[in-house]
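In what follows, a structure is listed as structure tokens, so that the remarks can point back to it.
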Amino acid sequence: MDFPSYRQWQAQAPGTRPDLHLADGFLAGALMSLEPMPDSQWLDAIMGPISEQAVSRDLVETRARKELLARLDQARVQMAASNPHYVPILAVKADGEFDLTAWSSGFYEAIADDLDMWQYLLAGQREGGLLALLGSHAVGEMGNAARRYIASHPEAQALSEIAARSWEVLSRLLPMMYEKRRQIVEGGTTASAMPASRRAGS
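Our numbering applies: residue 245 is where the sequence shown begins, and numbers increase by one.
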């Protein structure tokens, strides 16, 4: 998927519209939401509510939304497969290395409301550490906190090296989170999964 219409739509206002890598991370985060919403609401969070003009004619905006919806469906199928094979859409640096900044920022924006719950659910597991290291690529306070944590850790160098290769574990981490999320949502245990003291913020 090359997303020509989304790229065209984003290029019309690059300073205010999220690039494809951030949008892809946000869509992946949407699939981890413990409070499911219709797909259209996640698209609205990226692009804003669709305009009446776009509804009446097949304009770039409409085609861009269709591309994002197709990507969301694709990611959902990839994560739910018996042999998961999710592949993120990442930016590439000048030196050829992957740049997770935009993708990670979008992902963490989408799971922000559920982050405490995810940290609780993954506490003590390797995936919990990987999720935290992934956050070190995000912009904003979440990224700053993760980077401070890594810098102050006794094994800072080793953690930094792992963080630099976070993209290598996405294909394993996200399907695992997706399956755990499915069990929680289908079981109706979202609220009860966390101890009362945690839910109360104490």
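Built from N, CA and C at the ideal position, the CB exists for glycine as well.
A quick note: this is a predicted structure, and the numbers were derived from the prediction, not measured.
- Approximately 11 Å separates the beta-carbon atoms of residue 378 and residue 372; this is outside 8 Å, ruling out the contact.
- Per DSSP, reduced to three states, the secondary structure at residue 247 is coil, with no helix or strand assignment.
- Rounded to whole angstroms, the Cβ separation of residue 319 and residue 272 is 6 Å, and the two are in contact under 8 Å.
- In this chain, the alpha helix (DSSP H) harbouring residue 415 covers 414–431.
- For residue 304, the uninterrupted alpha helix (DSSP H) segment begins and ends at 304–324.
- Secondary-structure assignment with DSSP links residue 335 through a beta bridge to 343.
- Three or more Cβ pairs closer than 8 Å define a contact, and the region 415–435 falls short of that threshold against the region 384–401.
- Nearest to residue 327 by C-alpha distance, out of 420, 374, 295, is 420.
- Looking at the backbone, the Cα of residue 308 and that of residue 274 are separated by about 18 Å.
- The shortest C-alpha to C-alpha distance from residue 248 to any of 285, 270, 278, 303 is the one to 303.
- Between residue 283 and residue 315 a beta carbon distance of about 11 Å is seen, past the 8 Å cut, so the two are scored as non-contacting.
- Assignment of residue 295 by DSSP, reduced to helix, strand and coil, places it in the coil class.
- Note that the C-beta distance between residue 312 and residue 250 is below 8 Å.
- Rounded to the nearest whole angstrom, the CA to CA distance from residue 306 to residue 259 is 20 Å.
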